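To start, the structure under review is shown below, and the notes come after it.
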Amino acid sequence: MDNYWHRDCIKCAKCHVKIFAFEGIEWRTTPDQRPICIDCHLDDTTPPCAGCKKPVGAHAWKALGDHWHHGCLTCTGCFKPFPENKFYLHEDRPYDIDCYHIKVLGKKLEKQKELTVAGWLRDGN
């Protein structure tokens with residue numbers, strides 16, 4: 001941007017937010033040297049989310065060969081987000097641990113009992 005601008009006149013070329021209205025707002029310039037806010041810049045320069053098809057922006061992760069927002073990649077069985085971002089694949093589809101066991105083994109995952117010394121002694125071991 002080689003031109004002079006009034007502080008209040010610098011607006012994002014795309015969404016028209018005043019760039020200097022908020023302290024510390026980041027901005028870039030378009031190829032034709034117009035100011036653009038960082039959110040619009042990321043919308044224009046990042047790939048679309050494989051789930052919602054909106055630009056992933058700065059906060060995304062890559063899985064299954066695509067880019068995803070954190071809440072858009074969900075279990076194929078129950079459609080819930082993955083705890084700790086861990087999932088299991090079956091036929092190239094993501095499942096959480098419970099749905100994976102139901103799909104692959106046909107039964108729910110048995111939860112492990114907590115093993116204590118008192119319980120172990122009580123059960124005659």
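The UniProt record's numbering applies: residue 1 is where the sequence shown begins, and numbers increase by one.
Here a beta-carbon is modelled for each residue, glycine too, at the ideal position from N, C-alpha and C.
The model shown is predicted, which means the values in this text are computed figures rather than measured ones.
In the three-state DSSP reduction, Leu89 falls in the strand class (E or B). DSSP places Tyr95 in the strand class (E or B) of the three-state scheme.
Within the same chain, and ignoring the five residues on either side of Pro83 in sequence, the residues whose Cβ sits closer than 8 Å to its Cβ are Asp96.
The three-state secondary structure of Ile19, taken from DSSP, is coil. Excluding residues up to 5 positions away in sequence, Pro48 lie with their Cβ nearer than 7 Å to the Cβ of Lys54 in the same chain.
For Asp66 and Thr46, the gap between their C-alpha atoms comes out near 12 Å. Note that the C-beta distance between Cys37 and Cys52 is not below 7 Å. Cβ contact annotation for Cys78 (same chain, cutoff 6 Å, sequence separation greater than five): Cys99, in chain order. As computed with DSSP, Ile36 is found in a beta bridge with Arg28.
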